[in-house]
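Our numbering puts the first residue of the sequence shown at -1, with every later residue one more than the last.
Quick reminder that beta carbons are idealized off the backbone N, C-alpha and C, glycines included.
Just so you know, these numbers come straight off a predicted model, no measurement behind them.
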Amino acid sequence: MLALMAAAAGAAWWAARVTLTSAVPEDTGAQGAVQVAWAEASQGSVGRSLPLSTTLRQPALPVAQNTLSGVVTSIAPGEVDEGDVVYVVGDTAVRVVQGESPFWRELANNTKGEDVAALQQLLIAEGYLAGEADGDFGPGTEKAVKAGRRPRVGSRPGSCRWGSWLRCRRCRRWCSWVSR
């Protein structure tokens, strides 16, 4: 056992001497004088360029459903903003309105609800209606609708035909029309 411990101590001394000894020679005499080295500096960069190809895929989700029957006679491809015509069915232009509740009925005088308030907010933003959106389709809203668009076939002047408006939750960010 004592011999084994002596062998281990000897091996440790040898390993320390081999790995911890400096390989740099010591300066001696005249050869240890300061030596001058010249170098030129230049501007540059160190790095690597990697050409990568990326693809972003965002699923297309339907934001509304067409409720008009007839033939789609024209479309407006690309991004749409609130109030823009998205497509035309026959001669009825379908415009997009930002709101939470869908348009499920004809909007005319004496109708009330969230769908009326969304329409009123659009009319206020476009400068056709003054005041606040109260959700009550009264004479002021009727006048604003008449001023904001020409009457369509099949709808009473100053009313909004069912199916002529699409609800979009976030028109400015997410709503776009894709032609296929």
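- Runs of the alpha helix (DSSP H) spanning 4 or more residues and lying entirely within the stretch 73 to 147 occur at 112 to 123 and 137 to 146, in chain order.
- Your pair Cys158 and Leu120 does not check out as a contact, with CB atoms roughly 11 Å apart and the cut at 8 Å.
- C-alpha of Leu18 to C-alpha of Ser43: approximately 36 Å in a straight line.
- Secondary structure at Thr71: strand, using DSSP grouped into helix, strand and coil.
- In this structure, Ala128 sits away from Gln118, with a CB-CB distance that is not shorter than 8 Å.
- By a beta-carbon distance limit of 8 Å, Gln96 contacts Ala116. Their separation comes to about 7 Å.
- A direct Cα-to-Cα measurement between Cys166 and Ser51 gives close to 33 Å.
- By the 16-neighbour rule on beta-carbons within 10 angstroms, Glu80 is buried.
- Looking from the CA of Thr109, the closest CA among Gly138, Arg15, Ala4 and Trp11 belongs to Gly138.
- The beta-carbon separation of Gly133 and Gly111, rounded to 6 Å, stays under the 8 Å limit for a contact.
- The alpha-carbon of Asn64 is positioned some 16 Å away from that of Ala58.
- In the DSSP assignment, Arg165 falls within the beta strand (DSSP E) that extends over Trp163 to Cys166.
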